[in-house]
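Undergrad: Following this message is one structure expressed as structure tokens.
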């Protein structure tokens, strides 16, 4: 019987990668090299040949298909054969299959060779030649055919090729020399056979990487719900066959997320044949051992032995190991399945009664782990059981506290299924729905709430909170969310705090308040907080104060943030951290608490509260922009954007794009900034998203300012903060200098001065150092010449001014311009040089050019770099390079920088050519040489 790899499955969608395949560019390039006479890469000692190895379903046959199509298009003749188990005992079966199309060419050969080939094509056992004689005839036939047209020989499932054919083919291939004949073969990993010993160069075809796997699923199944897509991606583990076949095992409602996917994933016959082909032929004891290992999941061999009361012998797993289904490591005590779907197949094919018995046995052993014990008890249950449901409630809470919110959702849903009473069932489904809004499972919320129904025990406030989160995160409809939350407060006006999930309702209110620029949501949040003891709502109160009343209570807010962050437990819940982080950003103090935010991200990023991780990354991004770490800011924003788009958080996606619009403007990328600004405005305006609109307009005014178009800059910034009426809100408080400078440059001197006075009288400088610097710089820009110089010096002398390089350089630049205008050229050069150096260091390209132009006006010309074409390392690339130079591995570097080891490797791949090196060993010398060159190189010349 032919192996599963020889069966055709739907071709991967065209347009995703080279040759219409996803993630196979390297393999296709290697195959193409077989056809290029001028490129001998991959030919090896036996001429033009290549053996593709890989696991079942990984796409070897599809690669052969593409290779054959390309060869045909290039004018080659393709001769193809596929090994089959049932033909492995038939001598010359594969040679017959591959060369039969050349039977007419055999007539042109000399008599003895023609006779040998005729006997091969007839496959008469009594008349078959010996392999040496057959090999000589086949060599002559291929040589004659290749003289007419270049040949590609394709051999699929090479280990199943009969020995005689393998010997003949090897004999011929090794003697083809420079003839235009290429051999392309494929073999399953771990299977030997005869052809692999020919000595062909080998290429292992790996599973698709995460991005390629996601692209393949998106192209083939674009309407899969995000939650379903993530589960199938995890189960497929990059296997193309599984990626395309798994969705077919689900119905339409399951694929759309309107109905839960079964806990035991159904598998098609093709998947069973591929990932567990010999399972039904294993001894009963082996199948029982496999079921134990599959259901025990994270348990080791010792736990499995205890579960079976030591009746399990490790030798029982030996047949499964020989079948390459599983590997049992007695040293580490771990049982590892060859693929996640092999584990799934073991569970899927086991009778339900056997599965329940194993779950029951495991629950009796796992008394030390209540969470896993409850889950096994649930799977062992045959009907409603409130005791088990309560155990699952506790398990869900543990999972939630351990950063596994998605697990908690599934646990609560299972608890609801086991609930004997409708009220308990409804309550648990509502809790699951609310948690799903945080766990990146927005597609589950609607059906969970619908399934919960309405009972006297249904937590209505949590229903409102879940719906508000769905409206906000999914559609960005903060207006509808606000109305809904108002109703929630009104309907429970007399209810005590025990009837609330305080973090659920308060966080929903906080999001609406943060992004509408309206006072009503903040007032609603204040009324909600009154229902709790002050110590219960400290993070929310601090956030309220930082946004609503920062000037009067700024010292108290900063002290409160210090105490609150210090009081956080080591594994603080995300709904405790995020309100504090928003408050810290508003007070420009988040840099002091980045450790807490990064720790939360690390805990929650994999299966946790994704709805908190995304804004956490955005807030860190904003803080990095503030402190001049723009490369880092954009990296953080990109991470947040990928999570937001992958999990369907449209709200956060738009907020991050708005921040990136301002980032592009800061960089001087005017076209990108305006495109992002327009896109954000189009989305935010009809939704009443005031803060998001303000960030979009901020991008517009920064882009205009970088180009020296101060009329446009004034138009944009005046829509954020009205002239003469500066606000302490966000982002209004940060654009005081922008409005004042634009007003001064467009002849609106009185307006600029009135705005400065209003900002000072409104107490904006009391908010923090950054706002003090901005306000002081604005005062200097708007001042008369008699006092302007002293005010500029005063602004630049403020404590910690250097921590805010963009603002500091802006003021230095304005000071330099004023000095040049007042004919103090020498001092102007000092300020302009300092501003230009800072702009250059942080990446403000448009401002670098403006500073360079001002310097030229003072008689100073900027020197060109010694090699302007040589790309520089970004801040993050330099950090990675320096860590790698110390000898750390990619994984160790990733752990320090909160990156995956793949991301680190990708950065190093770009770093090496920038430094002109090819190995890690050369990193230290290259970095030291670069540092010496930078120290020695003068940036300016008079």
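Residue numbers (our numbering): 6 to 947. From the three backbone atoms N, C-alpha and C, an ideal C-beta is built for every residue, glycine too.
Measure the beta-carbon distance from residue 209 to residue 281 and round it to whole angstroms, keeping in mind my assumption that it falls under 8 Å.
TA: Stepping through the chain shown from its first residue, residue 209 is reached at position 204. Stepping through the chain shown from its first residue, residue 281 is reached at position 276. Rounded, the Cβ-Cβ distance is 22 Å, inconsistent with contact.
Undergrad: Using three-state DSSP, classify residue 281 as helix, strand or coil.
TA: Residue numbering aside, residue 281 sits at position 276 when the chain shown is read from its first letter. Of the three classes helix, strand and coil, the one that applies to residue 281 here is coil, per DSSP.
Undergrad: Taking just the CA atoms, how far does residue 452 sit from residue 473?
TA: Position 468 of the chain shown, counted from the start, is the residue given in the question as residue 473. Position 447 of the chain shown, counted from the start, is the residue given in the question as residue 452. Each residue's Cα considered, the two are about 15 Å apart.
Undergrad: When you compare only the Cα positions, how much space is there between residue 450 and residue 478?
TA: Here residue 450 refers to the residue found at position 445 of the chain shown. Here residue 478 refers to the residue found at position 473 of the chain shown. Rounded to whole angstroms, residue 450 to residue 478 spans 12 Å at the Cα level.
Undergrad: Please report how far the alpha carbon of residue 188 lies from the alpha carbon of residue 228, in whole angstroms.
TA: Here the question's residue 188 lines up with position 183 in the chain shown. Here the question's residue 228 lines up with position 223 in the chain shown. Their Cα atoms are separated by approximately 40 Å.
Undergrad: Check for me: the alpha helix (DSSP H) holding residue 102 runs from which residue to which?
TA: Here residue 102 corresponds to residue number 97 of the chain shown, with the count starting at 1. Looking at the DSSP string, the run of the alpha helix (DSSP H) that includes residue 102 is 98 to 104.
Undergrad: Taking the CB atoms as reference points, tell me whether residue 63 and residue 73 lie closer together than 7 Å.
TA: As a first step, residue 63 must be located in the chain shown, where it is residue number 58. As a first step, residue 73 must be located in the chain shown, where it is residue number 68. No.
Undergrad: Can you pull the DSSP bridge partners for residue 58?
TA: For the purposes of this step, residue 58 is taken as the residue at position 53 of the chain shown. Answer is 192 and 209, bridged to residue 58.
Undergrad: Please work out which residues of its chain come closer than 6 Å, Cβ to Cβ, to residue 929, disregarding the five sequence neighbours upstream and downstream, and give them in chain order.
TA: Taking the chain shown and counting its residues from 1, one reaches residue 929 at position 924. Only 890 meet the Cβ criterion.
Undergrad: Just curious, the alpha helix (DSSP H) that residue 760 is in, first and last residue?
TA: As a position in the chain shown, residue 760 is number 755, starting the count at 1. First-last of the alpha helix (DSSP H) with residue 760: 754 to 766.
Undergrad: Return the residue from the list 91, 540, 114 and 521 that minimises the CA-CA distance to residue 963.
TA: Given a span of 6 to 947 for the chain in the structure shown, any question on residue 963 remains unanswerable.
Undergrad: Report all residues from its chain with a CB closer than 8 Å to the CB of residue 910; omit the five preceding and five following residues, and keep chain order.
TA: Position 905 of the chain shown holds residue 910. Same-chain partners within the cutoff: 895.
Undergrad: From what residue to what residue does the beta strand (DSSP E) around residue 334 run?
TA: The count along the chain shown starts at 1 and reaches residue 334 at position 329. Here the beta strand (DSSP E) through residue 334 covers 331 to 334.
Undergrad: Taking residue 69 and residue 159 to be in contact with their CB atoms under 8 Å, please state how far apart those CB atoms are, rounded to whole angstroms.
TA: For the purposes of this step, residue 69 is taken as the residue at position 64 of the chain shown. For the purposes of this step, residue 159 is taken as the residue at position 154 of the chain shown. Confirmed, about 5 Å.
Undergrad: Determine the direct distance from the alpha carbon of residue 191 to that of residue 163, and round the result to whole angstroms.
TA: In the chain shown, residue 163 corresponds to position 158, counting from 1. In the chain shown, residue 191 corresponds to position 186, counting from 1. Residue 163 and residue 191: Cα-Cα distance of roughly 6 Å.
Undergrad: Kindly indicate which residue of 815, 862 and 803 has the alpha-carbon position closest to the one of residue 828.
TA: Along the chain shown, read from residue 1 onward, the residue named residue 828 stands at position 823. Closest by alpha carbon: 862.
Undergrad: Identify every run of the alpha helix (DSSP H) within the stretch 424 to 456, keeping only runs that are complete inside it and at least 4 residues long; order them along the chain.
TA: Segments of the alpha helix (DSSP H) lying fully in the stretch 424 to 456: 427 to 443.
Undergrad: With H, G and I counted as helix, E and B as strand and the rest as coil, what does DSSP make of residue 183?
TA: Locating residue 183 in the chain shown gives position 178, counting from the first residue. Looking at residue 183 - three-state DSSP - the assignment turns out to be coil, as it is neither helix nor strand.
Undergrad: Using only CA atoms, which one of 262, 151, 212 and 100 lies nearest to residue 61?
TA: Locating residue 61 in the chain shown gives position 56, where the first residue counts as 1. The option with the nearest alpha carbon to residue 61 is 212.
Undergrad: Going residue by residue through the stretch 575 to 630, where are the continuous alpha helix (DSSP H) segments of at least 4 residues, counting only ones entirely within it?
TA: Taking only runs of at least 4 residues, the alpha helix (DSSP H) segments lying wholly in the stretch 575 to 630 are 579 to 591 and 599 to 609.
Undergrad: Considering Cα atoms alone, identify which of 142, 153, 668 and 193 is closest to residue 178.
TA: Position 173 of the chain shown, counted from the first residue, corresponds to residue 178. Measuring from the Cα of residue 178, the nearest candidate turns out to be 142.
Undergrad: Check residue 517 in the structure and name its three-state DSSP category.
TA: Taking the first residue of the chain shown as 1, we reach residue 517 at position 512. Residue state, collapsed to three classes: helix.
Undergrad: What three-state label does DSSP hand residue 570 in the structure shown?
TA: Along the chain shown, one-based indexing puts residue 570 at 565. It is helical.
Undergrad: What's the gap between the Cα of residue 912 and the Cα of residue 882?
TA: Translated into positions along the chain shown, residue 912 becomes position 907. Translated into positions along the chain shown, residue 882 becomes position 877. Answer to the nearest angstrom: the Cα atoms are 6 Å apart.
Undergrad: For residue 595, is the beta carbon positioned less than 6 Å from some heavy atom of the ligand GTP?
TA: You won't find the ligand GTP in this model; it holds no ligand whatsoever.
Undergrad: By DSSP, does residue 85 sit in helix, in strand, or in coil?
TA: Position 80 of the chain shown, counted from the first residue, corresponds to residue 85. Looking at residue 85 - three-state DSSP - the assignment turns out to be strand.
Undergrad: By Cβ distance below 8 Å, which residues in the same chain neighbour residue 331 in space, the five residues on each side in sequence not counted?
TA: Position 326 of the chain shown, counted from the first residue, corresponds to residue 331. 295, 298, 322, 325, 340, 341, 342, 343 and 347, listed in sequence order.
Undergrad: Under the DSSP definition of a beta bridge, which residues are partnered with residue 339?
TA: For the purposes of this step, residue 339 is taken as residue 334 along the chain shown, with counting starting at 1. Beta-bridge pairing links residue 339 to 334.
Undergrad: Look up residue 43 in the DSSP assignment and say whether it is helix, strand or coil.
TA: Residue 43 sits at position 38 when you count from the first residue of the chain shown. With a pLDDT of 33 at residue 43, under the threshold of 50, the predicted position of this residue should be treated as unreliable, though the coordinate-derived value follows. Residue state, collapsed to three classes: coil.
Undergrad: My output table needs one value for residue 666: the three-state DSSP class, helix, strand or coil.
TA: Translated into positions along the chain shown, residue 666 becomes position 661. DSSP places residue 666 in helix when its eight states are reduced to three.
Undergrad: Compute the Euclidean distance between the alpha carbons of residue 495 and residue 820, then round it to the nearest angstrom.
TA: On the chain shown, residue 495 is found 490 positions in, with the first residue counted as 1. On the chain shown, residue 820 is found 815 positions in, with the first residue counted as 1. In a straight line, the C-alpha of residue 495 is about 55 Å away from that of residue 820.
Undergrad: Helix, strand or coil: how does DSSP classify residue 270 here?
TA: Looking up residue 270 in the chain shown gives position 265. Note: residue 270 maps to coil in three-state DSSP.
Undergrad: Measuring only the C-alpha atoms, how far is residue 586 from residue 599?
TA: Numbered from its first residue, the chain shown carries residue 586 at position 581. Numbered from its first residue, the chain shown carries residue 599 at position 594. If I take the Cα positions, the gap works out to 9 Å.
Undergrad: Pair every Cβ in the stretch 710 to 722 with every Cβ in the stretch 527 to 545, then say whether three or more of these pairs are closer than 8 Å.
TA: These segments do not touch.
Undergrad: Is residue 522 helix, strand or coil when you go by DSSP?
TA: Taking the first residue of the chain shown as position 1, residue 522 is located at position 517. It is coil, neither helix nor strand.
Undergrad: Can you name, in chain order, every residue of its own chain whose Cβ lies under 7 Å from the Cβ of residue 290, other than the five neighbours on each side?
TA: One-based indexing of the chain shown puts residue 290 at position 285. Closer than 7 Å at the Cβ level, and outside the excluded window around residue 290, lie 321.
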